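As C-alpha cells, the structure follows; a few thoughts come after it.
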C-alpha cells in the first residue's frame, strides 16, 4: 500500500476519532488543534484529501440528512475497515522511521490511541534504531569533512541535526518508558 499524504493521515485520524464527521466539522477541528499552522493544511486540501480517501476505499460518505438552503445535503464520513488498517500502518511507520523533525512523527503521536501500546513501543524502538543510524551517518560525514576544523557555518549544518537527533532520542526513550509503565499498570489491573 502506498503511504498516505500528511493530509490523508490527519483526516483518517479525525474520522476514526469522531466515528461520523462532516467536512465542516473536520475543518473546525483542524483550526482548533492548530494543524493549519504546523501541518500546512488548508480547507481545499481537506476536501481533496477526503475525496482521495474515498477513491482509495478507506472511507465512505453518508448523506447527513441535514439539508439547509439550496445545494446538496452535506456528507459525513465514516471509516471503512481498510481505512482503520491504513491508519494503523501509517501510525507505526510515522513513529518508527521519520526524520528528527518531521510533522509525520507529530501526526503519529496524535494518533497513538489507534494502535496498541505494545505496537507503539515496538515502533518507537525502531525509531530509536533509525535515529541512532542517522546520527552515526551524520557524525561520520562531519568527521570525514574535517570535524571541528570546519568553518562555523559548515559545522553548524552538521551540529544542528546532531543536536536535534540527540534530543529526539531522549524524548523517544522517555515516551517508551511512559508507555511501558502504562502497559505494566494495565496488566496489573487485569
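In the numbering used here, the protein residues as written are 395 to 584.
Backbone N, C-alpha and C define an ideal beta-carbon position, used for all residues, glycine too.
Predicted, not measured: the structure shown is a model, and the values here were computed from it.
| field | Alpha-carbon to alpha-carbon, residue 539 and residue 389 | value | An answer regarding residue 389 cannot be provided, because it is not within the stretch 395 to 584 covered by the chain.
| message | Run through the DSSP bridge pairs and tell me what residue 457 is partnered with. | response | Position 63 of the chain shown holds residue 457. BP columns for residue 457 point to 469.
| message | Once the 5 residues before and after residue 443 are set aside, which same chain residues still bring their CB inside 6 angstroms of it? | response | To locate residue 443, count along the chain shown from 1; it is residue 49. Around residue 443: 401, 402 and 405.
| query | Hey, residue 573 and residue 514: beta-carbon distance below 7 angstroms or not? | reply | As a first step, residue 573 is located in the chain shown; it is residue number 179 there, counting from the start. As a first step, residue 514 is located in the chain shown; it is residue number 120 there, counting from the start. Result yes, Cβ atoms of residue 573 and residue 514 sit closer than 7 angstroms.
| In whole angstroms, what separates the C-alpha of residue 490 from that of residue 567? | Mapped onto the chain shown, residue 490 falls at position 96. Mapped onto the chain shown, residue 567 falls at position 173. Going from the Cα of residue 490 to the Cα of residue 567 covers about 13 angstroms.
| Are at least three pairs of beta-carbons, each pair with one atom in the segment 549–557 and one in the segment 519–535, less than 8 angstroms apart? | yes
| request: Give me whichever residues DSSP pairs with residue 416 in a beta bridge. | output: Here residue 416 is taken as the residue at index 22 of the chain shown, counted from 1. In the DSSP output, where bridge partners are listed per residue, residue 416 has 470.
| field | residue 586 versus 449, 451, 469 and 450, residue with shortest Cα-Cα distance | value | No answer is possible for residue 586: it lies beyond the span of the chain, which begins at 395 and ends at 584.
| message | On the CB-based measure, 16 or more other CB atoms within 10 Å of its CB, does residue 480 come out buried or exposed? | response | Residue 480 sits at position 86 when you count from the first residue of the chain shown. Classification of residue 480: buried, given that the 10 Å Cβ count is 16 or more.
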